[in-house]
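Residue numbers (my numbering): 676 to 982.
Structure record follows, encoded as structure tokens.
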């Protein structure tokens with residue numbers, strides 16, 4: 676099967692997977708979820724950062740869903756989701772537009788940061804009894820260089836967070852954003868939580884057991900996963916593609932060869948993020964990866980190399 680046809684088939688299957696399974700993988704990353712839940716307080720800004728593909732956005736969405744379904748919650752939780760992936764630094768007016776549209780508000784003209792903030796404030800004041808949580812997904816493009824435009828994103832979300840107040844009749848607003856490029860921010864109202872590679876043995880076993888229809892002894896494959904594809908999508912794809920056959924399961928050693936030498940399989944997972952890798956590996960590490968044999972692949976995170 677060609678790489679193109681494989682990717683096309685994967686895209687169709689992936690849409691079904693996203694709705695039927697991926698959003699329901701709730702039995703992993705308990706520590707990170709607890710940290711995110713504790714940080715989602717009114718008036719706070721939460722940065723969730725870590726390398727690509729580790730599931731930062733899914734994790735935040737799952738935590739908010741759990742808060743919404745908690746019968747003991749103090750307030751009704753309103754969730755506003757803004758996908759920033761396609762935005763450039765010079766397109767902040769579109770960020771304002773997307774934010775208002777996430778609230779079912781029609782943006783007014785002219786659309787400036789101040790005008791958008793006023794409109795957000797006016798709309799939220801119609802519902803003072805709820806906890807309003809804004810989540811800006813994939814915001815790394817706003818942290819490419821130290822320019823005025825880069826900081827306007829932080830100014831905008833800070834302005835929204837500052838609409839929140841401590842009084843009973845005040846708005847209750849929390850801002851969260853995900854990024855694989857960590858923003859350098861220093862404030863008692865800002866918290867950063869890192870979501871790293873999925874290397875916890877129990878988490879890996881849970882994912883393999885959930886997605887592998889052949890029900891393998893997941894413990895046999897943990898070490899392989901930790902060294903080759905230690906992120907949720909890689910683990911799920913491995914379980915579906917290689918551990919769901921009705922025939923005999925591969926040995927751990929043979930699984931490494933299957934995972935690292937099957938170009939179509941790797942293209943399924945990695946092609947859409949290939950360009951992003953350049954942003955979280957330095958030039959020396961990139962050259963090392965290019966020369967590296969597949970059997971010697973290491974797991975990389977920004978600023979740290981883990982064998």
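Think of the CB as a built atom: it goes at the ideal place given N, C-alpha and C, for glycine as much as any other residue.
Exposure of residue 882, with buried meaning 16 or more beta-carbon neighbours within 10 Å: buried
Cutoff 8 Å; reference residue 738; Cβ partners in own chain excluding five residues on either side: 708, 711, 712 and 715
Integer-rounded CB distance, given that residue 720 should sit under 8 Å from residue 832: 6 Å
Nearest candidate by alpha-carbon position, reference residue 856, set 804, 899, 817 and 887: 817
Close beta carbons around residue 836, own chain, < 8 Å, minus the five adjacent residues each side: 718, 719, 720, 848, 849, 850 and 864
Check whether residue 907 and residue 723 have beta carbons under 8 Å apart: no
Best match in 829, 893, 771 and 813 for proximity to residue 927 [C-alpha to C-alpha]: 893
Close-in-space but distant-in-sequence residues of the same chain around residue 771 (CB under 6 Å, 5 per side omitted): 786 and 791
Coil, strand or helix - residue 888 by DSSP: coil
Whole-Å CB distance - residue 752 paired with residue 810, under 8 Å assumed: Not a contact, Cβ separation roughly 11 Å.
Residue 866, DSSP secondary structure in three states: strand
DSSP-derived helix/strand/coil call for residue 914: helix
First and last residue of the uninterrupted beta strand (DSSP E) at residue 851: 847-854
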